[in-house]
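Quick notes on the structure that follows.
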Amino acid sequence: MSTTFDVYPGSVEVPFTREVLALGASKLWAYLTSIGIDEHPQVHVKLLARGNHQKKGLILDAPFAWPEDQYMWFTVGDGQGGTDAYCECLEVDEGFDFSTHGLPFSQVQMDDLALFETARIGGRWWYFRRSAGQPALVNVLYGCLASALAALTHGVVYSSDSAWDYTRFPAQSAEFDRWFMRPEHALGADFREWAQRIQEALIRELQR
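Residue 52 in the working numbering is what sits at position 52 of the sequence shown, and the numbering runs on without skipping anything.
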């Protein structure tokens with residue numbers, strides 16, 4: 001099983017990969033500090049081909065966008081595992097509400113015209129995926145990266161596959177940071193218990 005965080009931008013300007021990497025790491029470190037862990041594990045990224053996972057050339061000071069037959073692979077520290085990121089184009093299929101321009105939420109849910117105008121003009125969006133069995137640090141990292149990209153694009157984070165409480169989405173970066181992976185702010189018992197387990201695992205992993 002895997003879960004994902006989607007990012008839908010509120011601007012057609014795309015940040016550099018280095019900016020996403022730096023802000024994602026900063027958000028991860030801030031989270032660790034907030035739960036009493038004084039560690040700053042480094043976040044690394046590669047650009048790989050889908051299918052054969054062949055390494056491609058990556059320019060950090062270039063826009064955070066790539067062809068659909070490639071993906072970004074983020075790792076953290078010296079641990080195993082990681083989170084993959086994909087760059088996609090919105091599709092308005094039959095059955096979609098055309099007023100949303102392919103976004104999976106309406107203006108009633110997020111009253112920000114820039115999101116819908118950006119979807120109409122550009123149509124680009126991203127998602128970060130966490131597969132089952134990842135280390136605790138990766139469980140936090142993929143949310144921090146999604147939040148970083150949302151902040152840099154003036155966009156929102158969204159998920160409908162139980163990455164976190166569904167009713168929280170769509171969410172702007174600042175509000176996402178306030179409650180993501182924080183048991184005291186979880187709306188459901190399952191997410192509360194999961195966040196507690198992740199925090200306990202982080203303490204074991206990073207304070208050995």
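All C-beta atoms, glycine included, are put in the ideal place defined by N, C-alpha and C.
In this text, all values refer to a predicted model and were calculated from it rather than measured experimentally.
How long is the line joining the alpha carbons of residue i and residue j, rounded to whole angstroms?
i: W29; j: H40; result: 6 Å
i: C144; j: R129; result: 12 Å
i: M1; j: A132; result: 5 Å
i: G77; j: W126; result: 24 Å
i: R168; j: R192; result: 14 Å
i: D38; j: W194; result: 22 Å
i: D112; j: A22; result: 26 Å
i: Q196; j: V45; result: 28 Å
i: A114; j: F98; result: 16 Å
i: Q70; j: T83; result: 14 Å
Give me, in chain order, the residues of the same chain whose beta-carbon lies closer than 6 Å to that of residue i; leave out the 5 immediate sequence neighbours on both sides.
i: S173; result: S147, A150, A151
i: E88; result: W125
i: L206; result: I37, E39
i: Q134; result: G81
Report the residue from the options whose alpha carbon sits nearest the alpha carbon of residue i.
i: L47; options: I37, A85, K27, L202; result: A85
i: Q54; options: F98, V12, W73, G81; result: W73
i: M110; options: Y142, T4, H154, L206; result: H154
i: T4; options: L141, D112, S159; result: S159
Would residue i count as contacting chain D if we go by Cβ distances under 9 Å?
i: Y71; result: Included in the structure is just one protein chain, with no chain D present.
Please work out which residues of its chain come closer than 7 Å, Cβ to Cβ, to residue i, disregarding the five sequence neighbours upstream and downstream, and give them in chain order.
i: T118; result: P9, G10, S11, V12
Could you name the residues of the same chain whose beta carbon sits closer than 8 Å to that of residue i, not counting the 5 residues immediately before and after it, in chain order?
i: E16; result: As written in the sequence, residue 16 is Phe, which differs from the Glu given in the question. Closer than 8 Å at the Cβ level, and outside the excluded window around F16, lie L60, D61, A62, P63, F64.
| Are three or more beta carbon pairs between the region 166-181 and the region 54-64 nearer than 8 Å? | no
| In the region 137-203, which residue ranges form an unbroken alpha helix (DSSP H) of at least 4 residues, counting only runs that do not cross its ends? | 173-179
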